[in-house]
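*Asks:*
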Amino acid sequence: MKSSRPFTGTITALVTPFKNGAVAYDDLRALVNFQIKSGIDGIVSVGTTGESPTLDHEEHLDVIRATIEVARGRTPVIAGTGSNSTKEAIHLTKESDRAGADAMLVVAPYYNKPTQQGIFEYFCAVADATDKPIILYSIPGRCGVEISVGVIEKLRARYRHVAWVKEAGGSVDRVDQILQACGDSVTVLSGDDSLTLPFMSVGAKGVISVASNLYPKETGRMVRLALAGDYAKARALHRKLYPMFKAIFIEANPVPIKAALARAGHIASDEVRSPLCPLLEASRSTLFGVLDTLAAKK
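Per the working numbering, the sequence shown starts with residue 2, numbered consecutively.
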């Protein structure tokens, strides 16, 4: 395993900014620098928040390469390389490895609804394609299947570099099940901002966050407090941020967070790619109201 990075703390699932249908690389570079200056613990490039389903293969890899180039080793860059095609996932993983990604975030194969044996074989094929760390990404709400605890155990036993799980199934009990089965040999990261603190209370070590696109310092502070065992202060910050954690998912991710980033001036446009569409006006009003209330509390 080449990387000794811990991949804990607050890792931002970065948006991919667009302008007139194309990737807005100037905005992307600015976002990466903003994250690093804010003390983020890592960046995921072209995960779901980065609109991986609607980037073509070359765009997908170009965004990863650009993110790595701007980061210049100042923070880990984790490439989103999962797919519902094993062949495509292997290709994206190999190319991201060549580009210098520190790790890969590999989602369970979506839409196909494979058996757990099929999921195991998929992850084995990807793990055989790189010796960089692999973060397993279980999000049954989007994929239609979850990565079973048994599959996580088998993968961990077989591969030294498969030692992280992004858990987005919405269950604290599931986090506990993973850690009961695997102990400290697996690092669990929350995949839901609003559940970061509950997950950390049973042993998760951080979050792959959408909220930290906009609030990297505040989200990072909450996680650091929890990691230090100061749950009273972490809980107070969680409660302050919680309305925002929920509001940024008022519609499908990343539509709301892009609207918020554009409003804050971090990106020039809140453009998303079809079949996503701009935030509905009612949702926009609700989201911005929550953000204004949060800003007033600073």
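Even glycine gets a Cβ: it sits at the ideal position worked out from N, Cα and C. It should be emphasised that the depicted structure is a prediction, and the values quoted were computed from it without experimental measurement.
Once the 5 residues before and after Met2 are set aside, which same chain residues still bring their CB inside 7 Å of it?
*Replies:* At Met2, the pLDDT of 45 sits below 50, so the modelled position is not reliable; the number obtained from the coordinates is stated separately. So the list reads Asp132, Pro134, Arg161 and His162, once near-sequence residues are dropped.
*Asks:* Per DSSP, Lys167 is paired with what?
*Replies:* Lys167 is bridged to Tyr138 and Leu190.
*Asks:* Per DSSP, which residues does Thr13 bridge with? Please list them.
*Replies:* Its beta-bridge partners are Ile44 and Ser210.
*Asks:* Identify whether Gly151 lies in helix, strand or coil by the three-state DSSP scheme.
*Replies:* Gly151 falls in the helix class under three-state DSSP.
*Asks:* Cβ atoms of Val78 and Ala102: under 9 Å apart, would you say?
*Replies:* It is a contact, given that the beta carbons lie within the stated cut-off.
*Asks:* Can you give the Cα-Cα distance for Ser284 and Cys278, rounded to whole angstroms?
*Replies:* Taking the straight line from one Cα to the other gives about 12 Å.
*Asks:* Going by C-alpha to C-alpha distance, which of Ala227, Ser84, Asp177 and Leu215 sits closest to Arg264?
*Replies:* That would be Leu215, whose Cα lies nearest to the Cα of Arg264.
*Asks:* According to DSSP, Ile79 sits in a beta bridge with which residue or residues?
*Replies:* Bridge partners of Ile79: Val45 and Ala104.
*Asks:* Assess contact between the region 221-229 and the region 167-178, defined as three or more Cβ pairs (one per stretch) separated by less than 8 Å. Is contact present?
*Replies:* Too few Cβ pairs lie closer than 8 Å, so no.
*Asks:* Buried or exposed for Thr151, please, with buried defined as at least 16 other CB atoms from any protein chain shown within 10 angstroms of its CB.
*Replies:* Rather than Thr, the amino acid found at residue 151 in this sequence is Gly. Exposed, because fewer than 16 other Cβ atoms sit within 10 Å of the Cβ of Gly151.
*Asks:* Applying the 10 Å Cβ sphere with the 16-neighbour rule, what's the burial state of Lys38?
*Replies:* Burial call: exposed.
*Asks:* Among Ala233, Ser286, Ala253 and Tyr138, which one has its Cα closest to the Cα of Ser84?
*Replies:* Nearest C-alpha to Ser84: Tyr138.
*Asks:* For the 8 Å Cβ check, are there 3 or more pairs between the region 46-57 and the region 11-21?
*Replies:* Taking 8 Å as the limit for Cβ pairs, the verdict is that the region 11-21 does touch the region 46-57.
*Asks:* Round the Cβ separation of Phe250 and Pro257 to the nearest angstrom and send it over; I've been treating them as touching at under 8 Å.
*Replies:* Indeed, because the Cβ distance is near 7 Å, the residues count as touching under 8 Å.
*Asks:* When the Cα atoms are used, what is the spatial distance from Lys95 to Arg157?
*Replies:* Lys95 and Arg157: Cα-Cα distance of roughly 20 Å.
*Asks:* Measuring straight from C-alpha to C-alpha, what distance separates Pro199 and Lys114?
*Replies:* Taking the straight line from one Cα to the other gives about 29 Å.
*Asks:* What first and last residue would you give for the alpha helix (DSSP H) that runs through Leu228?
*Replies:* First-last of the alpha helix (DSSP H) with Leu228: Pro217 to Leu228.
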